[in-house]
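Below is one structure, written out as structure tokens, with a few remarks after it.
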Amino acid sequence: GESVGLHLPTLSVQEGDNSIINCAYSNSASDYFIWYKQESGKGPQFIIDIRSNMDKRQGQRVTVLLNKTVKHLSLQIAATQPGDSAVYFCAENGETSGSRLTFGEGTQLTVNP
Amino acid sequence: ETGVTQTPRHLVMGMTNKKSLKCEQHLGHNAMYWYKQSAKKPLELMFVYNFKEQTENNSVPSRFSPECPNSSHLFLHLHTLQPEDSALYLCASSQQDSGNTIYFGEGSWLTVV
């Protein structure tokens with residue numbers, strides 16, 4: 005069936021390093037993708053989105069890359085800070101989900117000082 | 021401040037109690053959602069309302085009863101819950117149902133004892 009999933013459940017990085025969080029999707033009809041950040045005890049927070057007509061989109065310290073050929077999405081965080089420690093998960097809206105968002109399981113990012 | 025406000029933030033209830041979760045969005049959106057988030061599981065869509073009309077009931081047990089009096093308010097009425105219903109219940113809204121970014125509230129932590 006269709007699914008959205010993350011390659012790694014946990015990621016630990018040193019403060020100041022760049023972080024890369026990956027997401028694989030299986031619905032080739034997906035045309036909209038979002039990354040969310042969820043800090044402990046809080047609701048998911050929108051970080052950045054990208055549509056399928058783009059390969060790359062940049063925000064403040066974050067970049068999302070979309071590879072439609074291999075159905076892969078990644079979130080890059082530059083100069084990772086302790087405040088970036090959270091669970092990150094991707095979401096996509098493909099036709100089989102009624103164009104509603106389908107969420108991945110999440111990757112726990114831990115930033116070590 | 022996400023624009024989506026949930027109350028209460030924490031709730032402990034017995035299995036014979038009746039309680040309600042409340043959500044209000046200040047974003048001018050037309051669609052509202054209830055999601056359930058359990059440990060180590062992806063977000064589970066429960067209900068969707070679009071322009072006050074329910075457009076999705078994702079096989080949710082009848083002990084969960086949603087109510088949407090207008091596009092800005094959403095309730096989740098709870099009665100005779102089970103311990104396995106303990107989870108974080110997230111309200112969200114979007115401009116319309118499907119194809120849009122979803123914005124979440126901070127969630128209501130529910131513990132059923």
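As you go down the protein sequences, you meet chains A and B in turn.
One rule links them: number in this note's numbering = place in the first sequence (from 1) + 4.
One rule links them: number in this note's numbering = place in the second sequence (from 1) + 20.
Beta carbons are placed, not taken as given, at the ideal position from N, Cα and C, and that holds for glycine.
Keep in mind that this is a model prediction, so the values were computed, not measured.
- Under a criterion of Cβ atoms nearer than 7 Å, no residue of chain A is adjacent to Glu44 (chain B); the nearest Cβ is some 14 Å distant.
- Leu101 (chain B) has its alpha-carbon roughly 17 Å from the corresponding atom of Asn78 (chain B).
- Ranked by Cα distance from His46 (chain B), the first of B:Ser92, B:Phe124, B:Leu98, B:Ile122 is B:Ser92.
- The beta-carbon distance between Asn90 (chain B) and Lys72 (chain B), rounded to whole angstroms, is 6 Å. This is short enough to meet the 8 Å contact definition.
- Taking 8 Å as the cut-off, the Cβ atoms of Asn70 (chain B) and Gln115 (chain B) do not count as close.
- Linking Phe124 (chain B) to Thr73 (chain A) through their CA atoms gives a straight-line distance of about 31 Å.
- Each of A:Asp88, A:Gln85, A:Ala95, A:Leu113 was checked against the Cα of Lys75 (chain A), and the nearest Cα belongs to A:Ala95.
- Contact annotation for Gly125 (chain B) against chain A: Gly47 [CB-CB distance below 8 Å, chain order].
- Residue-level contact by beta carbon fails for Pro28 (chain B) and chain A, as no gap is shorter than 8 Å.
- In this structure, the alpha-carbon of Lys39 (chain B) lies about 11 Å from that of Ser85 (chain B).
- The beta-carbon separation of Cys88 (chain B) and Met52 (chain B), rounded to 6 Å, stays under the 8 Å limit for a contact.
- Contacts with chain A (Cβ-Cβ distance below 9 Å) from the segment 102-121 of chain B involve Leu108, Leu110, Cys111, Ala112, Ser114, Asp117, Ser118, Gly119, Asn120, Thr121, listed in chain order.
- Residue-level contact check: Thr100 (chain B) does not touch chain A, since none of the beta carbons of chain A fall below 8 Å from its beta carbon.
- Between Asn22 (chain A) and Thr84 (chain A), the C-beta spacing is below 8 Å.
- Relative to Asp105 (chain B), the option among B:Thr25, B:Lys42, B:Gln26, B:Leu31 whose CA is nearest is B:Leu31.
- With its beta carbon less than 8 Å from one in chain A, Pro62 (chain B) belongs to the interface.
- The C-alpha of Leu96 (chain B) lies about 43 Å from the C-alpha of Gly20 (chain A).
- With distances taken between CA atoms, Thr14 (chain A) lies nearest to A:Gln112 out of A:Gln64, A:Gln112, A:Asn116.
- Among the residues of chain A, those whose CB is under 8 Å from the CB of Thr22 (chain B) are Gly47, Gln49, following chain order.
- With respect to chain B, the C-beta atom of Phe37 (chain A) has no partner C-beta closer than 8 Å.
- Taken through DSSP and simplified to helix, strand or coil, Pro86 (chain A) comes out as helix.
- Positions of the beta strand (DSSP E) runs, each at least 3 residues long and wholly inside the segment 48-90 of chain B, are given as 51-57, 64-70, 73-77, 84-90 in order along the chain.
- Per DSSP, Asn57 (chain A) has no beta bridge partner at all.
- Between Tyr92 (chain A) and Leu79 (chain A), the beta carbon gap of about 6 Å places them in contact (Cβ cut-off 8 Å).
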